[in-house]
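Structure record follows, encoded as structure tokens.
2 protein chains.
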Amino acid sequence: MDVSVSPFASVPNPAPMPEVACVSETESGINDLLPRIESALESACRFDPGCPDRLAAAIRYALLAPGKRLRPALVLMGAEACGGPTGLSSSAMAGAVAVEMIHAYSLVHDDLPAMDDDDLRRGRPTLHRQFDESTAILAGDAMLAQAFSHLASHVSDPAMAVEAVNVLSRAAGPSQLVGGQFDDLAAESDGHERSDVASLEHLESIHRRKTGALISASIDLGAVLSGGTADQRAILTDYARDVGLAFQIVDDLLDFTASFESLGKRSGKDASRGKLTYPGLLGLDPAREKAEQLVESAKEKVSVFDSAGSRLRWLAGYVLERTH
Amino acid sequence: MDVSVSPFASVPNPAPMPEVACVSETESGINDLLPRIESALESACRFDPGCPDRLAAAIRYALLAPGKRLRPALVLMGAEACGGPTGLSSSAMAGAVAVEMIHAYSLVHDDLPAMDDDDLRRGRPTLHRQFDESTAILAGDAMLAQAFSHLASHVSDPAMAVEAVNVLSRAAGPSQLVGGQFDDLAAESDGHERSDVASLEHLESIHRRKTGALISASIDLGAVLSGGTADQRAILTDYARDVGLAFQIVDDLLDFTASFESLGKRSGKDASRGKLTYPGLLGLDPAREKAEQLVESAKEKVSVFDSAGSRLRWLAGYVLERTH
């Protein structure tokens with residue numbers, strides 16, 4: 030139930046994008062978005078004098094770590110679908126930075142000894158291993174607060190800014206991201222004893238909150254920050270739900286088969302610790318079929334955006350590429 | 030450097046307010062504000078279905094704990110000084126709830142084993158002792174996110190809401206609350222070796238960020254959410270800086286002299302662990318004189334608000350009462 034495996038080119042060492050028929054790489058992939066996102070994240074790591082140097086270094090270590098930038102890219106793709114700007118100083122980019130801050134904070138806190146107790150994150154020491162535990166707690170807290178500060182100070186339209194804060198804070202709150210992580214930890218410790226709870230419904234509820242909510246919020250933020258209509262927001266949210274779930278299923282499938290070397294984390298760890306997984310509940314082939322159905326459904330939904338939705342269709346397809 | 034000692038009536042067992050000459054208790058104290066604040070906090074503890082019951086219970090344990098409600102009261106007092114409404118459904122009350130969520134989260138995380146490692150908070154088990162460590166981390170995270178969700182959904186004027194998010198998120202961020210806590214922990218571990226760092230300047234810098242920033246933000250939120258002018262905001266911020274520092278000095282003085290029984294925490298603990306304190310640096314009498322000067326300065330500043338500032342003048346005086 031970890032989403033640390035990248036479907037995208039990592040930064041700063043981008044891997045080649047897969048070939049997708051009929052749509053050029055420039056239009057469909059996200060390679061051209063990544064330098065802008067990195068630049069915006071770098072700019073967001075300049076703190077006022079009151080920020081201790083070591084705390085600033087810890088935040089940079091977490092936020093600027095090589096990553097797939099899935100969520101910020103989704104913000105920009107949502108804005109693009111609604112016809113809005115995605116430049117470095119756009120409101121959508123402010124949303125992209127904010128959502129990556131929330132994502133980075135959640136990884137830092139999830140890795141803590143009292144939580145998932147992970148030593149490695151994408152092959153690098155986790156923040157509390159590289160620095161120390163109190164620094165990791167505080168750096169996470171700082172990024173969580175900073176996300177909202179960034180939105181409030183970088184989005185010029187007040188109504189858009191408030192709605193963006195609303196969308197992002199709900200996705201990060203007790204009924205979504207935090208609630209999902211809470212139940213995920215509970216399922217891990219109780220997984221072997223409570224077979225009733227280890228149901229597909231419970232698994233999907235955890236994913237929807239822990240991973241899906243922030244992915245949905247990302248694409249919705251793009252729509253909100255580019256003046257998208259209620260109809261556009263609803264379509265994009267449906268798309269995100271399908272792709273987010275497909276992404277998680279593929280992640281579970283990879284976790285069953287991939288090696289430590291290629292993923293930078295302990296293979297099969299989630300399963301061995303009693304975590305709920307799709308292949309564990311459905312079997313390998315049915316899990317893959319479910320992912321394929323979700324991706325087709327997602328592609329169909331965003332066909333209404335025509336060429337402005339080409340990146341979104343590419344992304345849905347790319348999620349599946351990882352299983353091959 | 031803990032602000033757990035209450036200068037106010039605790040809820041639900043209010044102690045009698047001290048007598049203050051020339052101003053009636055109703056006008057000057059905050060007793061009449063407290064039931065409204067408690068009611069608003071209670072209402073803010075209703076979560077969407079995705080919130081796990083145990084997480085909701087932990088948030089309630091922290092947020093609804095008997096407390097002085099200094100910060101929410103300051104929000105309402107700031108609004109009152111600027112002539113704005115302070116009722117249960119007012120924008121100022123939304124700010125009051127949000128700031129108490131930030132305060133409660135910061136106490137929960139500060140108490141964690143990797144931080145101050147406290148077992149008791151106002152005589153009750155700390156959250157990680159009453160529940161467990163992962164629940165405490167997640168409940169803190171949830172309250173931090175929820176504070177901004179509450180502002181975004183309960184303040185009807187978008188421009189006011191954005192400025193409130195701006196003020197609160199900066200106060201809670203890496204250069205203020207989190208940075209202050211970071212340096213406070215660092216000073217604690219290095220206190221005995223680094224006499225140069227244990228200077229008055231460093232001590233005030235820590236207080237200004239760890240405690241003062243949120244107190245200033247509280248009163249500023251009240252002004253922002255009631256349409257206060259830039260001049261009014263500046264006066265109130267100056268007032269808050271003086272009172273916040275006086276409050277901290279008095280807290281240090283009490284920590285030197287009070288007993289475990291009366292305060293619900295280990296007496297002299299901060300000093301014994303190498304924490305920087307005002308009486309430790311200045312001596313008892315000069316520390317008390319400094320607090321008195323600050324309070325006089327604060328009272329003078331808010332005289333411009335006439336009767337709308339009577340609670341603020343009362344509060345400044347009450348901070349000193351605690352030393353007698």
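So the sequences go chain by chain: A and B.
The first sequence begins at 30 in our numbering and counts up by one.
The second sequence begins at 30 in our numbering and counts up by one.
Where is the CB? At the ideal position from N, CA and C, for every residue including glycine.
Going by the C-beta, is A86 of chain B closer than 7 Å to any heavy atom of the ligand ADP? Absence of the ligand ADP from the depicted structure is noted, as is the absence of any ligand whatsoever, leaving it without description.
Examine chain B for any beta-carbon lying closer than 8 Å to the beta-carbon of M106 of chain A, and answer yes or no. no
Report all residues from its chain with a CB closer than 7 Å to the CB of L93 of chain B; omit the five preceding and five following residues, and keep chain order. L70, E71, C74
Within its chain, find whatever has a CB closer than 7 Å to the CB of K131 of chain A; leave out the 5 residues flanking it on each side and keep chain order. Reading the sequence as shown, one finds Ile at residue 131 of chain A and not Lys. Excluding sequence neighbours, I131 of chain A sits near L173, A176, L197, A201, L243.
Pick out whichever of A:L206, A:L103, A:Y268, A:L63 has its Cα sitting closest to the Cα of D77 of chain B. A:L206
Beta carbon proximity, R223 of chain A to chain B, threshold 8 Å: For R223 of chain A, the pLDDT reaches just 47, beneath the cut-off of 50, and the residue's location in the model is therefore unreliable, although a value from the coordinates is still provided. No, no contact with chain B.
Identify whether R351 of chain B lies in helix, strand or coil by the three-state DSSP scheme. coil
So, is E129 of chain A buried or exposed, given that buried needs 16 or more other C-beta atoms within 10 angstroms? buried
Distance between beta carbons of L265 of chain A and I248 of chain A, contact taken as under 8 Å: 5 Å
What three-state label does DSSP hand R98 of chain B in the structure shown? coil
Mind checking S53 of chain A: buried by the 16 CB within 10 Å criterion, or exposed? The predicted position of S53 of chain A is uncertain, since its pLDDT is 42 and thus under 50; a value taken from the coordinates is nonetheless stated next. Looking at its Cβ environment, which holds fewer than 16 other Cβ atoms inside 10 Å, S53 of chain A is exposed.
Within the region 224–251 of chain A, ranges of the alpha helix (DSSP H) (whole runs, at least 4 residues): 229–236
State the DSSP-derived secondary structure class of S39 of chain B, mapped to helix, strand or coil. Confidence in S39 of chain B is poor, its pLDDT being 37 and thus under 50, which makes the residue's placement too unreliable to answer from.
So P154 of chain B contacts chain A; which residues on that side make the cut at Cβ distance below 8 Å? Chain A residues near P154 of chain B: none, gap ~17 Å exceeds 8 Å.
Contacting residues, own chain, Cβ-Cβ under 6 Å from S255 of chain A (five flanking each side not counted): A108, C111, G113, A121
Go ahead and pull the three-state DSSP assignment for L311 of chain B. helix
Can you check which of these residues, A:F276, A:F334, A:R342, A:K328, is closest to V348 of chain A by C-alpha distance? A:F276
Outcome for L229 of chain B when other beta-carbon atoms lying within 10 angstroms are tallied against a minimum of 16: exposed
Could you check how far apart the C-beta atoms of L214 of chain B and S332 of chain A are, in whole angstroms? I think they sit under 8 Å. That belief does not hold up - the Cβ atoms of L214 of chain B and S332 of chain A are roughly 54 Å apart, past 8 Å.
Pull up the DSSP beta-bridge partners for P154 of chain A, would you. A:L149
Are the beta-carbon atoms of Y268 of chain A and L341 of chain A separated by less than 8 Å? yes
Would you say R101 of chain A and A125 of chain A are within 8 Å of each other, going by their C-beta atoms? The sequence shown places Pro at residue 101 of chain A, rather than the Arg named in the question. Yes. Within cutoff.
Is there a Cβ of chain A sitting closer than 8 Å to that of P203 of chain B, yes or no? yes
Within-8 Å CB hit, R199 of chain B to chain A: yes
In terms of alpha-carbon separation, which member of B:T286, B:R317, B:W343 lies closest to E329 of chain B? B:W343
Taking Cβ to Cβ, would you say L180 of chain A is nearer than 8 Å to A127 of chain A? yes
Do you know how far the Cα of Q210 of chain A is from the Cα of A85 of chain B? 14 Å
Using a cut-off of 8 Å between C-beta atoms, extract the partners of A188 of chain A located in chain B. P187
How about I166 of chain B and M144 of chain A: do their beta carbons lie closer than 8 Å? yes
Would you verify that the beta carbon of R238 of chain B is, or is not, closer than 8 Å to some beta carbon of chain A? yes
With 8 Å set as the bound, which would you pick, yes or no: does the beta-carbon of C51 of chain A sit closer than that to a beta-carbon of chain B? The predicted position of C51 of chain A is uncertain, since its pLDDT is 35 and thus under 50; a value taken from the coordinates is nonetheless stated next. Closer than 8 Å: no.
Comparing alpha-carbon positions, which option in A:G152, A:L311, A:S218, A:A316 lies nearest G96 of chain A? A:G152
Whole-angstrom C-beta distance between G241 of chain B and R270 of chain B, which should lie under 8 Å: 6 Å
Are the beta-carbon atoms belonging to A327 of chain B and I278 of chain B less than 8 Å from one another? no
Residues within the region 66–82 of chain B neighbouring chain A, beta-carbon criterion of under 9 Å: F76, D77, P78, G79, C80, P81
Quick check on DSSP: helix, strand or coil for A168 of chain B? helix
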